[in-house]
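Let me begin by presenting the structure, written as structure tokens, before commenting on it.
Chains as they are written, first to last, in the UniProt record's numbering: chain D, 1 to 430; chain P, 1 to 430; chain X, 1 to 430; chain Y, 1 to 430.
Encoded structure:
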């Protein structure tokens with residue numbers, strides 16, 4: 001690598017667009033990474049409780065995926081294949097069928113819509129509209145589904161929505177689970193507008209939902225809420241799309257985040273950790289009866305990213321061939337939440353958000369989360385904030401994190417919370 | 001790799017969505033690839049005049065990029081980094097600045113909008129609207145810009161447009177160069193609607209254009225037409241976006257396809273071959289004065305795909321550090337077009353389309369192109385069709401193809417054309 | 001008038017579009033009308049509790065308006081004047097200012113947006129968007145604002161919405177007063193989405209509301225709900241539009257329907273009875289600070305309908321120069337509601353809807369209202385149904401109805417209700 | 001009438017919205033009117049070559065319509081009837097059928113869509129979309145169809161379009177006849193985009209056209225152009241809507257403006273002079289096969305304006321029962337155009353626009369038309385300008401104007417043109 005002497009102007013400052021973001025909170029230059037750790041150019045070590053926003057569920061450079069990847073790249077096999085057949089793609093399909101779909105009793109057609117989360121969401125929305133002949137879409141408050149125009153239309157964040165520069169149309173927003181802090185019966189609004197032909201909310205093609213709102217403040221939908229949503233969709237002949245881009249691939253404790261609720265969505269969006277390695281890959285899954293696409297009606301240059309098929313296959317075989325990984329994961333989840341309980345108990349105005357390893361701590365004082373995240377970075381822990389007001393710290397370590405690293409990271413969080421939201425504050429005020 | 005005995009049901013048939021497309025025309029399973037060649041599982045060899053729809057400009061598995069890639073992956077460096085700083089990203093930015101921007105006198109901010117072509121187009125459209133405060137957009141007949149909702153709105157193909165399932169709004173279509181076969185002065189329509197405040201075509205934020213319409217039938221805009229378009233945009237204070245996703249990265253003979261015309265677009269979209277390897281990567285370039293993004297206003301999980309930065313850097317250093325590659329490329333282009341001239345001369349109703357190595361043969365008989373493409377596949381040549389009626393064969397070999405492979409591929413094309421569009425037909429009719 | 005012998009085909013059947021509607025429920029041909037009565041060609045008499053859907057608040061052919069109208073038409077004065085000045089228009093403006101605005105402490109600019117309800121609503125929506133620079137609009141469940149595209153977008157009825165043939169965009173629906181039968185605190189949803197920058201409901205230019213939903217089932221908003229809505233709008237810098245097309249001009253007991261609540265909307269839409277005669281006329285009123293229109297930016301051929309100015313002026317002078325009419329109206333309202341109380345008491349699953357002389361009876365059994373309306377017609381009373389399921393009978397006699405006619409009409413309603421929703425049904429079931 | 005002393009503030013200034021427009025060019029207060037003349041309060045006389053923008057084709061207060069109107073209003077007949085049956089409506093339908101439709105061999109269903117031009121256009125657009133299931137619409141450069149959102153979407157004027165405050169979607173603009181001054185074959189663009197499935201212009205439900213663009217600069221489509229448009233629509237199964245709101249009712253010499261071309265539109269919009277008196281009335285006519293409306297799917301309070309039915313019937317019987325009126329009209333048209341020829345001959349950069357009594361004089365010097373119009377007003381002639389730049393004076397006397405008044409008005413025009421665009425200017429420059 002070329003060295004950049006410290007007296008040279010920083011090319012990130014001079015050349016990269018102002019849209020860059022994470023590098024502002026975390027101004028280090030990250031040179032190496034392994035498992036739950038990263039090191040910057042100066043050799044400083046960081047624990048990573050961010051995990052590529054969910055794209056690195058198996059940690060950085062997991063040998064289980066990196067070995068097959070390098071081997072593949074050295075073999076002369078096909079790297080880029082659009083939607084042509086390759087053995088790597090075949091093996092991925094076979095493995096996904098054998099290890100993921102079949103054991104869960106799921107029969108989904110698999111579409112490769114392009115390699116990113118927003119690609120799979122756009123494909124899902126298009127298919128739902130095509131199948132139903134309806135144009136309207138329902139999404140939830142504080143939802144995040146992506147930055148391209150269709151996905152942005154069903155996203156909640158106002159800053160990101162304004163970035164569209166045009167009105168975002170053809171969808172209505174409905175309240176997510178507990179949006180009214182339990183004050184209102186679940187789905188009161190949704191049920192009424194669907195039953196009332198005068199509601200002015202047009203019958204939607206589909207409802208798109210995240211089981212945990214990764215970007216929208218780590219709210220987690222309860223299993224019974226998801227079941228009621230699924231029932232409501234069935235009752236009204238509306239498709240249910242689960243955007244499992246961030247919450248899927250084991251993040252909440254099971255491969256799909258909706259398994260706990262026992263529901264079977266009509267369409268599922270996967271991306272981020274489906275490649276197992278951080279390489280771009282996305283899938284759109286749907287009931288075979290919905291597979292009404294014309295050949296090539298949706299396409300994309302990078303929908304056949306074979307290195308990602310290879311690492312995806314390796315990850316599935318390594319982690320999902322039996323229950324071992326999932327059991328260990330359950331322990332990690334339990335350990336995390338035990339610590340979070342303790343932290344919250346001693347903190348002022350704090351509450352736990354999220355589910356599994358897609359967890360958060362929310363603070364009534366809107367400034368605490370950013371302070372804790374800054375403190376964490378100073379102390380060698382990468383921790384993102386989430387929510388419309390950045391009022392939540394997002395705790396998303398690799399699923400493969402060992403106990404020591406987990407506890408070390410949580411120690412830093414605990415110290416940060418103690419510093420910026422001490423329970424004493426409450427006492428002092430009383 | 002797991003073997004799939006021939007008596008087992010084909011998992012591509014049983015599991016992959018009906019949307020799959022190329023695998024229908026080319027039913028082989030491609031196992032290995034190198035340079036301009038691919039081999040299927042049965043060892044059959046194919047010359048590749050398709051080049052991953054422009055994502056493989058330097059051929060398959062080019063050692064110049066694969067070496068650094070494997071080395072990087074083995075080094076423990078960071079694979080996935082969102083928009084954090086990494087040495088690999090820094091080196092890419094530095095190299096892109098030093099080898100591409102500076103020598104061409106271009107000063108563009110660089111945005112990583114997510115790794116695919118449609119990501120960069122969506123970012124370009126958003127930025128143009130944000131900068132100008134205008135909502136309307138102009139695009140050209142037979143344009144192709146991508147499959148997500150914003151990009152699809154500025155795309156021409158009706159089958160793909162209908163896939164949206166909702167009206168595609170906020171843009172108007174204007175005639176591409178030679179849309180009326182020279183019958184009409186250039187930009188007559190555009191000039192009139194811009195000057196006429198009663199035209200009903202709202203003043204646009206930007207015009208988005210491909211210098212060669214890769215998907216829309218290989219029409220190439222003349223340099224003077226592009227200059228006139230650029231002048232018109234400047235005159236009316238409209239941004240000019242060049243979508244160089246397919247035509248860029250050397251495909252037409254220079255790094256950017258607009259260099260020949262001597263224009264300087266306000267915004268440039270790059271993807272496909274910018275990674276040099278077939279790995280997903282995309283850039284949005286724009287004049288620094290246009291860089292009005294809020295941090296994080298547009299984001300995406302895979303905008304920091306470090307393996308792609310590594311191969312991109314390697315490709316730039318290998319091919320664009322001096323003029324050698326570009327000179328060889330000029331020879332290849334000349335050789336190709338010399339042969340095409342000869343083929344057309346002997347064919348019925350055929351004409352040459354495109355520019356550089358983004359070339360095509362268009363046939364008046366709308367069925368010829370598909371027949372020639374099928375014939376080519378049977379004879380070991382991968383050749384795509386293009387255009388609204390698949391009336392054009394698209395000739396897009398790697399830029400690095402050697403003379404023997406080039407001529408071999410062209411021999412097959414010549415034979416196919418001779419078979420399905422013999423000049424004799426003309427004579428016979430006369 | 002030309003006679004149509006009964007053996008000739010009915011030209012309404014053979015020539016008028018299938019869109020015709022009231023003539024299906026009331027197949028009579030109405031030849032004469034006076035006050036609260038109409039007579040068909042065969043001399044049958046009908047009491048009119050429909051009042052031209054609110055356009056005939058002062059009854060049919062009220063001498064107080066018809067006299068000046070005929071005199072005006074015979075005088076050689078200007079009938080049609082676009083937005084030129086005429087004495088008739090001046091006198092209307094002066095009278096409206098002196099008798100309506102000033103006594104109520106209101107200072108509104110007066111716009112003539114074209115002569116119908118949907119014209120004034122479209123003008124209001126355009127102005128609100130222009131003033132605020134925001135594009136989104138909020139309207140209520142079961143709202144009715146008109147049939148042109150802008151008004152239809154903020155209307156609730158699904159049958160009418162589907163008539164648009166395109167998606168209705170740029171507005172969200174929010175729950176009207178008591179939409180959840182008291183189960184939910186007022187404005188919980190609206191407050192949350194306005195305060196939550198992640199709600200995905202874009203900040204609106206305005207909220208448009210009817211104080212009583214004339215077409216949407218006669219729901220009446222409580223005064224405190226209207227006040228809270230007004231406060232919420234002020235707090236969030238959102239314009240409040242009251243569509244008083246049906247509920248205004250005395251229908252609820254005061255000239256404007258929002259007077260009881262003591263609020264002052266930013267924009268008010270008037271039409272229907274503003275002309276006092278049934279002639280087409282509409283006004284859009286707004287705070288002078290909002291009057292940012294360019295001359296001619298909104299126009300219309302019939303915005304200067306002088307005969308309507310004349311009857312409007314006459315109606316204002318006759319009925320609104322002092323409190324006498326309003327006091328009599330209060331008595332009529334009291335008499336109506338006293339009878340309705342009695343009717344409901346003896347009926348099965350019935351409840352009173354509406355306010356003032358914009359009242360309704362809602363029945364749990366969705367078929368009752370239509371049966372009662374049909375019964376009423378057979379017995380010489382014109383009575384419309386309302387609501388998404390036609391579940392409400394709409395009781396809207398002229399404001400000028402005398403006690404005898406009022407009681408006579410209510411006798412028919414009482415008999416109809418007793419026939420189709422007898423309380424005995426309850427007893428029988430018990 | 002109440003007197004307004006000259007020292008009182010003008011209530012039009014203090015109370016009427018800034019959107020008022022004609023009263024700015026013509027600051028008189030018009031008190032009386034008869035035939036082709038109006039008088040202001042001070043007794044000044046004006047010749048009216050404006051005719052209520054086409055709503056007063058039979059002149060002001062034509063006794064042939066005013067007599068029956070007053071008689072009707074004095075008779076106790078029904079004034080306002082929604083879409084109920086009345087004898088007045090029946091007689092109008094019968095008369096329209098007998099005198100207009102039958103003699104022309106036209107079989108149209110008649111819809112009363114609300115009483116204004118924009119109501120009938122909105123109804124036409126809705127019906128075309130409903131019938132075809134297509135959402136896109138085509139309209140022409142410089143078209144004017146109305147100010148409500150649907151009509152505005154197909155209107156050209158940018159100032160009026162911006163008044164919408166939101167993007168106007170779901171339509172594309174195509175060049176009107178002679179938009180390129182004969183440089184381009186007719187319909188080149190339209191034919192190409194319809195035939196090219198890659199054009200990006202979605203197949204429309206309908207094309208909406210004015211045969212003469214009354215607001216857009218008085219361009220008149222040639223008969224052969226209209227025939228070619230009609231053929232093209234038929235060929236591509238696209239509905240043809242003629243907006244005859246301004247050009248219809250005799251204005252161009254025949255009842256419908258499209259009669260000269262011999263075409264039969266699928267849908268026809270009428271308003272303005274259809275009432276014969278300046279009272280608001282509008283019709284939407286369409287082939288009976290297109291009458292797929294649900295009852296009440298489109299409605300409106302003032303669609304049953306009986307006084308307008310009465311005057312409409314009287315006008316039809318007076319002017320269209322035989323050919324006499326049309327023959328006289330032909331003479332008037334001839335006389336007008338003879339004079340216009342002479343005026344243009346002696347003027348600098350002037351050309352004749354329009355057809356029949358919907359004529360204009362267009363000036364190369366964009367300031368001339370406004371100067372001539374101002375001069376005309378000063379000399380007692382009401383003359384409007386038209387066109388995106390107000391570059392045309394619009395000459396639209398009543399169809400019933402006598403020779404003396406016509407010549408007198410033309411004398412003023414001639415003098416104004418001589419003053420502001422003298423041919424001498426040309427000579428002087430030469």
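Quick reminder that beta carbons are idealized off the backbone N, C-alpha and C, glycines included.
Item, Value
"With 7 angstroms as the threshold, decide whether the Cβ of residue 124 of chain D is near any Cβ in chain X.", "no"
"Is the segment 187 to 195 of chain Y touching the segment 328 to 336 of chain Y, taking contact as three or more C-beta pairs under 8 angstroms?", "no"
"With a Cβ-Cβ cutoff of 7 angstroms, do residue 272 of chain Y and residue 67 of chain Y count as a contact?", "no"
"Where do the ends of the alpha helix (DSSP H) carrying residue 204 of chain Y lie?", "That residue, residue 204 of chain Y, is in no alpha helix (DSSP H); its beta strand (DSSP E) goes 204 to 209."
"Please identify, using Cβ separations under 9 angstroms, the residues of the segment 392 to 403 of chain X that lie next to chain D, in order along the chain.", "none"
"In whole angstroms, give me the CA-to-CA distance for residue 384 of chain X and residue 50 of chain X.", "6 angstroms"
"Scan the segment 57 to 76 of chain D for residues whose Cβ lies nearer than 9 angstroms to a Cβ of chain P and list them as they occur along the chain.", "60, 61, 66, 69, 70, 73, 74, 75 and 76"
"Hey, out of P:128, P:309, P:343 and P:404, whose CA is closest to residue 421 of chain P's CA?", "P:343"
"Evaluate contact between the segment 76 to 95 of chain P and the segment 290 to 308 of chain P, counting only Cβ atoms and requiring at least three cross-stretch pairs below 8 angstroms.", "yes"
"Hey, residue 394 of chain Y and residue 270 of chain Y are a contact pair by Cβ (cut 8 angstroms); roughly how many whole angstroms apart?", "In fact, because the Cβ distance is near 20 angstroms, the residues do not count as touching under 8 angstroms."
"Can you pull out the residues from the segment 208 to 234 of chain P whose beta carbon lies closer than 8 angstroms to at least one beta carbon of chain D?", "none"
"Kindly say whether residue 170 of chain P, judged by its beta-carbon, lies nearer than 7 angstroms to any beta-carbon of chain D.", "yes"
"Using a C-beta to C-beta distance shorter than 7 angstroms, which residues of chain Y count as neighbours of residue 117 of chain X?", "301"
"Please classify residue 313 of chain Y as buried or exposed, where buried requires at least 16 neighbouring CB atoms within 10 angstroms.", "buried"
"Spatial neighbours of residue 38 of chain Y within its chain, please: CB distance less than 6 angstroms, with the 5 preceding and 5 following residues excluded, ordered by chain position.", "30, 46 and 48"
"Indicate, with yes or no, if the ligand MG has a heavy atom lying under 6 angstroms from the CB of residue 268 of chain Y.", "In the structure on display, the ligand MG does not appear, and there are no ligands present to speak of."
"Going along the chain, which residues of its own chain have a beta-carbon closer than 6 angstroms to the beta-carbon of residue 220 of chain D, five neighbours each way excluded?", "212, 354 and 355"
"Between which two residues does the beta strand (DSSP E) holding residue 487 of chain P run?", "One cannot answer for residue 487 of chain P here, as it falls past the ends of chain P, which runs 1 to 430."
"Quick one: which chain D residues come within Cβ less than 9 angstroms of residue 242 of chain X?", "In chain order: nothing, as chain D lies at least about 18 angstroms away."
"At the 7 angstroms Cβ level, is residue 138 of chain P part of the contact set with chain Y, yes or no?", "no"
"With a 10 Å radius around its C-beta and 16 neighbouring C-beta atoms as the bar for buried, classify residue 122 of chain X as buried or exposed.", "buried"
"Compare the C-beta of residue 132 of chain X against all C-beta atoms of chain D and say whether one is closer than 7 angstroms.", "no"
"Give me the residue from P:377, P:399 and P:391 with the minimum Cα distance to residue 22 of chain P.", "P:377"
"Would you call residue 292 of chain P buried or exposed, if buried means 16 or more other Cβ atoms sit within 10 Å of its Cβ?", "exposed"
"Give a yes or no on whether 7 angstroms exceeds the smallest Cβ distance from residue 156 of chain Y to chain P.", "yes"
"Touch check for the segment 399 to 416 of chain P and the segment 223 to 232 of chain P: three-plus C-beta pairs under 8 angstroms?", "no"
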